[in-house]
Amino acid sequence: MSLLITPLLKKNLKDALKIYNYYVVHSFSNFEEKKVSLKDFTHNYNKITKKKLPYLAAMIDNNLVGIAYLNNFRDKSGYRFAFENTIYVHHDYLKKGIGSRLLKKLITLSKKNKEIKKIVAVIGSIDSVGSIKVHKKLGFKNCGRLKKIGFKKGKWIDSIIMQKDL
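Residues 40 to 205 in our numbering are what the sequence shown spells out, letter by letter.
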């Protein structure tokens, strides 16, 4: 298995959306309750890449198996140096180190951008062991928990906040 981490190209947006929407439908890691449209997903991609923030693809044999990107943590100006990371790995490729490689590359690229001082991970508390482990391994510190902040599929969900200073 030869894994290539590269910028996500527009031609791969439909496959990226399939990975993203899988987690909308089948998990508690994404707090969306309805599938995202290709139009909205493309709009978000365009906003992120226009800001020169990393938006990455994990490719195996020209197949997209994971995505990762940074976006503003919050829109208020005082948060301008803080960015939230997002990582999703195709469910058939979990536990193969892909999420770790994506996050490592996000961190490397972020260190080259003087505007990025902090990376924040907001992790849903259900089925989050793997995500927490990957973030800890790459130097994120647990900063706290927002209790029952999300509601999906009839369940209240905590958010675990982790942070890395660059």
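Ideal placement from N, C-alpha and C gives every residue a C-beta, glycine not left out.
These numbers come from a predicted model, not from an experiment.
Check: Backbone secondary structure at N110 - three-state DSSP; Outcome: strand
Check: Exposure of G163, with buried meaning 16 or more beta-carbon neighbours within 10 Å; Outcome: buried
Check: F179 classed as buried or exposed, judged by whether at least 16 other C-beta atoms fall within 10 angstroms; Outcome: buried
Check: Secondary structure of G138, DSSP reduced to three states; Outcome: helix
Check: Segment contact flag, the stretch 144-153 with the stretch 86-95, C-beta cutoff 8 Å, min 3 pairs; Outcome: yes
Check: Beta-carbon gap between S170 and S66 smaller than 8 Å; Outcome: no
Check: I158 versus H174, V168, I165, S167, residue with shortest Cα-Cα distance; Outcome: H174
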